[in-house]
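The opening position of the sequence shown corresponds to residue 1 in full-length UniProt numbering, with each subsequent residue numbered one higher.
Ideal Cβ placement from N, Cα and C applies to all residues, glycine included.
All of these numbers come straight from a predicted model, not from anything done at the bench.
Have a look at the structure below, then the notes.
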Amino acid sequence: MDISKGNIEILQSGYYEITGETDINNIYVKAQATIVLDNVTIDLNKKNISKGAIIIDKSSDVTLIIKNKNVLKSGYNYAGIQLIGRSKLTIREDTLLNQYNELYIQSGETAAGIGSGFGGDYLGDIIIENGNIVIVSLRDGAGIGGGNGLNGGGDFIGSLTISGGNINITQGYGGGAGIGGGSNGSLVGRVEVNNGILLSNVDEAGIGAGIGGGYNGNFEGTVIINGGNITSVGGEGCAGIGAGIGNTIRGNFTGEVKINGGNVVAIGGVYDTYGGGAGIGSGFKGNFSGEIKLNAGFIEARGGSKGSDFGSGTGGESVGDITAKVKSIDVIPDFLDLQIGESEKVVSQVTLVATVQGSLPDYSKVTYTSRDTNVAVVDSSGLVTAVDNGNTEIIVTSVIDKNKFTICYVSVNSSITIIGDIDLLISIPKNEIQPSELYNIVCYGNNPIITYKYKDSCIKEFDVYVNVPCCKNPVLGKGQYKNIVVCITVDYSIALYSGSDCLQNLLIYALEFDNFSTNLNFCTSINEDIDTSKFKIIIMPYYELDTNYSQKYYMFKIRGHIGLYKIM
Numbered sequence: 001m002d003i004s005k006g007n008i009e010i011l012q013s014g015y016y017e018i019t020g021e022t023d024i025n026n027i028y029v030k031a032q033a034t035i036v037l038d039n040v041t042i043d044l045n046k047k048n049i050s051k052g053a054i055i056i057d058k059s060s061d062v063t064l065i066i067k068n069k070n071v072l073k074s075g076y077n078y079a080g081i082q083l084i085g086r087s088k089l090t091i092r093e094d095t096l097l098n099q100y101n102e103l104y105i106q107s108g109e110t111a112a113g114i115g116s117g118f119g120g121d122y123l124g125d126i127i128i129e130n131g132n133i134v135i136v137s138l139r140d141g142a143g144i145g146g147g148n149g150l151n152g153g154g155d156f157i158g159s160l161t162i163s164g165g166n167i168n169i170t171q172g173y174g175g176g177a178g179i180g181g182g183s184n185g186s187l188v189g190r191v192e193v194n195n196g197i198l199l200s201n202v203d204e205a206g207i208g209a210g211i212g213g214g215y216n217g218n219f220e221g222t223v224i225i226n227g228g229n230i231t232s233v234g235g236e237g238c239a240g241i242g243a244g245i246g247n248t249i250r251g252n253f254t255g256e257v258k259i260n261g262g263n264v265v266a267i268g269g270v271y272d273t274y275g276g277g278a279g280i281g282s283g284f285k286g287n288f289s290g291e292i293k294l295n296a297g298f299i300e301a302r303g304g305s306k307g308s309d310f311g312s313g314t315g316g317e318s319v320g321d322i323t324a325k326v327k328s329i330d331v332i333p334d335f336l337d338l339q340i341g342e343s344e345k346v347v348s349q350v351t352l353v354a355t356v357q358g359s360l361p362d363y364s365k366v367t368y369t370s371r372d373t374n375v376a377v378v379d380s381s382g383l384v385t386a387v388d389n390g391n392t393e394i395i396v397t398s399v400i401d402k403n404k405f406t407i408c409y410v411s412v413n414s415s416i417t418i419i420g421d422i423d424l425l426i427s428i429p430k431n432e433i434q435p436s437e438l439y440n441i442v443c444y445g446n447n448p449i450i451t452y453k454y455k456d457s458c459i460k461e462f463d464v465y466v467n468v469p470c471c472k473n474p475v476l477g478k479g480q481y482k483n484i485v486v487c488i489t490v491d492y493s494i495a496l497y498s499g500s501d502c503l504q505n506l507l508i509y510a511l512e513f514d515n516f517s518t519n520l521n522f523c524t525s526i527n528e529d530i531d532t533s534k535f536k537i538i539i540m541p542y543y544e545l546d547t548n549y550s551q552k553y554y555m556f557k558i559r560g561h562i563g564l565y566k567i568m
């Protein structure tokens, strides 16, 4: 079939080969058909003829085979290949002759390269299996997806699957995405890339996402990348992958981007020196409330100007979920042997499955939890403090991948000798504590310091009966031991503070200082001694709250014990 001889209508299922050049004729399909384009040129833009180079009507299923070099240019308001309704298009190249095959597609103004025309939503299914494909949108339409949606329409609602090929897309000036919505259109459907090379770029006046929403368009759908080499560049103030530039309530990211493999580069567009779109996320002033899942592959994301690499564009709110699969968590050391009261910090290192270039603030963050807080406790920085004899585990969990954790094992030895009691009263004005915080108050013993030590010793004797092998009855003898008396004075303080977010926003309600003195008696062999530099003090307070103490004050009755332990 020769396109130069007239319009071609395909209304019956079958296999069709088309050749020739024209600047007035087009191809219309309403059937299930396989069409081979062999050195075909259709240039309707040359004479400003307002119709599509190829129009695929609703419910049609077309396989387009590229042979040699082919050019499709549509006229005003029409897509280069226009899909009407829920039609299907599969593109592949002819591989029998092992030759170079190419398909060049150019939209008419206000329409998509492949997809819908002016005011139309893209509803169909496109599968690109292989081939060299160049797609150019002249103005307002997406490279693949929706046309101009200024007066309605323009959304990408259907699907696109790329299994291979070398695909180069240039979004037009005025607002269409590379893949996704046209101007004022959103990406609502599904894009999946399994292999191939995909470049979605922007000309100097482009205002759409590389993959996602057009100008004033949202990202509400799904993008899944399983493999291939993908570079996606956003236009002015738009995301590389995500939403277009925001305008009042638009430019938002509520959908999902999942990267399971491949090499992905996503670059957000600059709006001005103060802002831009995210690398992956929302556009300038758009909010991010969707999901970004970085499971595997090489992933580079760069926000435009001050836009986030992952998350929201400049001026937008970021409340969505950004997760990444963690390959491993290393905790150093992975075993602690502590004495009661002793503290040691563990350090964690998180390694992701994916190689990520871009600011991903939470990827290295972990949470620390003690399985048995009666043995040891741990704070958010990884500082482990031994409390009592026994064994426990410090569980280190990734913040960005809560299914991944590792364990630091803790063994605590030694025992505490109670050497004093705590008996204090602390009053706090009622107007200083919010009722919601009243039962989140933590009582903590601070900085016990031994300020005075005095040691004396003497040798004492005692009677002892000894069994001597040659004697029938025990023999009365004399034994000796060293009696050591240590006098100590301890200064310490009791703090009452809010326990709801104490590490990040510590709010101390009271700090009461106290001290006590005591004499300690030790008995050792006559050649032993006590090294008082090894003495450590632990303060173990608790409180009883009296809310009816007075109209103006709460009364905290501080009780507890003061313990002594020796570092071995």
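Using only the alpha-carbon positions, how far apart do residue i and residue j sit?
| i | j | result |
| --- | --- | --- |
| Tyr465 | Asn483 | 21 Å |
| Ile35 | Val29 | 10 Å |
| Leu64 | Gly131 | 11 Å |
| Lys46 | Asn68 | 22 Å |
| Asn431 | Lys552 | 8 Å |
| Val188 | Gly445 | 57 Å |
| Asp501 | Gln357 | Caution applies to Asp501, whose pLDDT of 44 falls short of 50 and renders its modelled position unreliable; the value that the coordinates give is listed next. Each residue's Cα considered, the two are about 32 Å apart. |
| Ile292 | Gly228 | 18 Å |
| Asn226 | Phe298 | 11 Å |
| Glu512 | Ile459 | 41 Å |
| Gly560 | Ile538 | 11 Å |
| Phe288 | Gly304 | 15 Å |
| Thr254 | Thr170 | 25 Å |
| Gly221 | Ser380 | 37 Å |
| Gly214 | Gly244 | 5 Å |
| Ser159 | Gly143 | 14 Å |
| Gly320 | Val257 | 12 Å |
| Phe310 | Val384 | 33 Å |
| Leu138 | Gly290 | 31 Å |
| Met1 | Asn7 | 10 Å |
| Gly141 | Gly52 | 14 Å |
| Gly262 | Asn195 | 8 Å |
| Leu44 | Gly75 | 5 Å |
| Ser13 | Asn26 | 18 Å |
| Asp388 | Val396 | 21 Å |
| Glu21 | Lys306 | 49 Å |
| Glu236 | Asn166 | 25 Å |
Excluding the 5 residues preceding and the 5 following residue i in the sequence, name in chain order all residues of the same chain whose CB lies nearer than 7 Å to its CB.
| i | result |
| --- | --- |
| Ser370 | Ala376, Val377, Val378, Thr392 and Ile394 |
| Ala386 | Leu338, Gln339, Ile340, Gly341, Glu342, Ala376 and Val412 |
| Tyr542 | Cys443, Arg559 and Gly560 |
| Leu503 | Bear in mind that a pLDDT of 45 at Leu503, under 50, signals an unreliable position, so the number given afterwards is only what the model happens to contain. Contacts found: Asp379 and Ser380. |
| Ile267 | Val233, Gly234, Gly240, Gly279 and Arg302 |
| Leu123 | Gly85, Arg86, Ile157 and Gly158 |
Buried or exposed: residue i, going by 16 or more other Cβ atoms within 10 Å of its Cβ?
| i | result |
| --- | --- |
| Ile494 | buried |
| Leu11 | exposed |
| Gly479 | exposed |
| Ile418 | exposed |
| Phe284 | buried |
| Phe219 | buried |
| Phe156 | buried |
| Ile249 | exposed |
| Val475 | exposed |
What is the residue span of the beta strand (DSSP E) that residue i lies within?
| i | result |
| --- | --- |
| Met555 | Tyr553 to Lys566 |
| Pro429 | Thr417 to Pro429 |
| Lys69 | Lys69 to Lys73 |
| Asp124 | According to the sequence displayed, residue 124 carries Gly and not Asp. Element bounds for Gly124: n/a, residue is neither H nor E. |
| Ser183 | Element bounds for Ser183: n/a, residue is neither H nor E. |
| Phe118 | Where Phe118 is concerned, there is no enclosing beta strand (DSSP E), given that its DSSP letter is neither H nor E. |
| Pro448 | Ile441 to Val466 |
| Lys327 | Val326 to Ile332 |
| Asp43 | Gln32 to Asp43 |
Tell me which same chain residues have a C-beta within less than 8 Å of the C-beta of residue i, skipping the five on either side of it?
| i | result |
| --- | --- |
| Thr451 | Thr489, Val490, Asp491 and Asn515 |
| Ser525 | Tyr481 and Lys482 |
| Val353 | Asn295, Ala296, Ala324, Lys325, Val326 and Lys327 |
| Asp546 | Tyr554, Met555, Phe556 and Lys557 |
By Cβ distance below 6 Å, which residues in the same chain neighbour residue i in space, the five residues on each side in sequence not counted?
| i | result |
| --- | --- |
| Asp456 | Val485 |
| Gly153 | Gly119, Gly120 and Asp121 |
Compute the beta-carbon to beta-carbon distance between residue i and residue j, rounded to the nearest angstrom, for a pair I have assumed lies under 8 Å.
| i | j | result |
| --- | --- | --- |
| Gly279 | Cys238 | Incorrect: roughly 11 Å between the Cβ atoms, too far for contact. |
| Ile322 | Leu360 | 7 Å |
| Ile66 | Leu96 | Incorrect: roughly 12 Å between the Cβ atoms, too far for contact. |
| Val366 | Ser398 | 6 Å |
Return yes when the C-beta of residue i is under 7 Å from any heavy atom of the ligand ADP, and no when it is not.
| i | result |
| --- | --- |
| Asn148 | Absent from the structure shown: the ligand ADP. Ligands present: none. |
Spell out whether any CB of chain D is found under 8 Å from the CB atom of residue i.
| i | result |
| --- | --- |
| Val233 | Absent here is chain D; the protein component of the structure consists of one chain. |
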